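Novice: Have a look at this one before I ask anything.
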Amino acid sequence: MELFIILALGYGASYLTFILLKRAFRSESTKEWIISPDANRSVDSATLHRSVRLNSAVSVAFMFGCAFAFSGFLVYSGDVVLWHIPLQVVAVTLIYDFLYYAVHRYPFHEWKMLRKVHAVHHKPRHPRGVDSLLLHPAETCIGLGALLVSVAVVGGVHVYSFAVLFISYTVLNVINHAGLNFQRFPLRTLGMLAVKHDKHHHTMRSGNYAFLTTLPDTLFGTAE
1469 MELFIILALG YGASYLTFIL LKRAFRSEST KEWIISPDAN RSVDSATLHR
1519 SVRLNSAVSV AFMFGCAFAF SGFLVYSGDV VLWHIPLQVV AVTLIYDFLY
1569 YAVHRYPFHE WKMLRKVHAV HHKPRHPRGV DSLLLHPAET CIGLGALLVS
1619 VAVVGGVHVY SFAVLFISYT VLNVINHAGL NFQRFPLRTL GMLAVKHDKH
1669 HHTMRSGNYA FLTTLPDTLF GTAE
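Counting the sequence shown from 1 gives a position; the numbering used here is that position plus 1468.
Here it is in structure tokens:
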């Protein structure tokens, strides 16, 4: 039951983040933070909203289905040594970012294997929060699956660690696509990530493949 509550909180946090960023985008006080005034999105509004509804449903079904099937393997509860929680969060974050980097760079971009699948997500040249759900459903499952694989690699995590990981994942997914370069502490780092992801969306040949950090791109020379 705890895991299902965490999933609900994660999706709720994602929606709340989207609403707050949408308001920030329209505010005069944050007008200078806008990376580009035009999303330059090559799909119509109906297609965008259809994708949002579809991928929202796919994401919820995938995660709740995996929680029902694999919760005993991926997540445990009960007593935990407190320092294990940040250790698990950092370990899974790093594993995920390098795993996602590899998938994003090669099957999605450099190889032809999943390039057409990922091309759906590149319809906007300057993404907004809503574009975090402009995806092929297969990409939605691949991204979430990579997170669960990363959890499995460390042998499973405590339920509190998973709460931090999943809520951070859903919120950062929206912020990375927000189209806002935050200028105020403590959000400047998030603004930098949004700028880098905006550059990634310019063409299918752009760098900045990592999702949560800049470390993989820095190490492999694909940072822009």
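Glycine included, C-beta positions come from ideal geometry on N, C-alpha and C.
Just so it is clear, the structure is predicted and the values come from calculations on it, not from any experiment.
Hey, would you say Val1588 sits closer than 9 Å to Ser1519, going by beta carbons?
Specialist: The sequence position of residue 1588 within the sequence shown is 120, counting from 1. The sequence position of residue 1519 within the sequence shown is 51, counting from 1. Result yes, Cβ atoms of Val1588 and Ser1519 sit closer than 9 Å.
Novice: Quick check: what's the CA-CA separation for Val1622 versus Thr1561?
Specialist: Your numbering for residue 1622 matches position 154 in the sequence shown. Your numbering for residue 1561 matches position 93 in the sequence shown. So the alpha carbons of these two residues sit roughly 11 Å apart.
Novice: How many angstroms separate the CA atom of Leu1601 from the CA atom of Gly1613?
Specialist: Numbered from 1 along the sequence shown, position 133 holds the residue referred to as residue 1601. Numbered from 1 along the sequence shown, position 145 holds the residue referred to as residue 1613. Computed Cα separation, rounded: 16 Å.
Novice: Taking the alpha-carbon of Val1627 as reference, which of Thr1671, Ser1618, Leu1542 has the nearest alpha-carbon?
Specialist: Against the sequence shown, residue 1627 aligns to sequence position 159. For Val1627, the nearest C-alpha among the options comes from Leu1542.
Novice: Looking only at C-alpha atoms, which of Ala1662, Phe1486, Lys1591, Ala1537 sits nearest to Leu1616?
Specialist: Along the sequence shown, read from residue 1 onward, the residue named residue 1616 stands at position 148. Measuring from the Cα of Leu1616, the nearest candidate turns out to be Ala1537.
Novice: Quick check on the burial criterion: 16 or more other C-beta atoms within 10 angstroms. Buried or exposed for Thr1657?
Specialist: On the sequence shown, residue 1657 is found 189 positions in, with the first residue counted as 1. Burial call: exposed.
Novice: In chain order, what residues of the same chain have a beta carbon less than 8 Å from the beta carbon of His1668, not counting five sequence neighbours either side?
Specialist: Counting from one through the sequence shown, the residue named residue 1668 turns up at place 200. Excluding sequence neighbours, His1668 sits near Ser1674, Gly1675, Asn1676, Tyr1677, Glu1692.
Novice: Do the CB positions of Tyr1574 and Leu1680 come within less than 9 Å of each other?
Specialist: Working through the sequence shown from its first residue, we reach residue 1574 at position 106. Working through the sequence shown from its first residue, we reach residue 1680 at position 212. No.
Novice: Would you mind listing the alpha helix (DSSP H) stretches within the stretch 1561-1614 that are 4+ residues and don't spill past its ends, in chain order?
Specialist: Whole alpha helix (DSSP H) segments, 4+ residues: 1583-1587.
Novice: DSSP beta-bridge partners for Val1511?
Specialist: Within the sequence shown, the letter at position 43 stands for residue 1511. Paired residues: none, contrary to the question.
Novice: Quick one: residues in its chain with C-beta nearer than 8 Å to the C-beta of Ile1635, no 5 flanking neighbours on either side, listed in chain order?
Specialist: The residue you call residue 1635 lines up with position 167 of the sequence shown. So the list reads Ile1474, Leu1477, Gly1478, Ala1481, once near-sequence residues are dropped.
Novice: Secondary structure at His1626, three-state DSSP: helix, strand or coil?
Specialist: For the purposes of this step, residue 1626 is taken as the residue at position 158 of the sequence shown. In this structure, His1626 counts as strand in the three-state DSSP scheme.
Novice: By the 10 Å Cβ neighbour count, where 16 or more other Cβ atoms means buried, how is Ala1514 classified, buried or exposed?
Specialist: To locate residue 1514, count along the sequence shown from 1; it is residue 46. Classification of Ala1514: exposed, given that the 10 Å Cβ count is below 16.
Novice: Using DSSP with H/G/I as helix, E/B as strand and the rest coil, what is Tyr1544?
Specialist: For this step, residue 1544 is matched to residue 76 along the sequence shown. If DSSP states are grouped into helix, strand and coil, Tyr1544 belongs with the strands.
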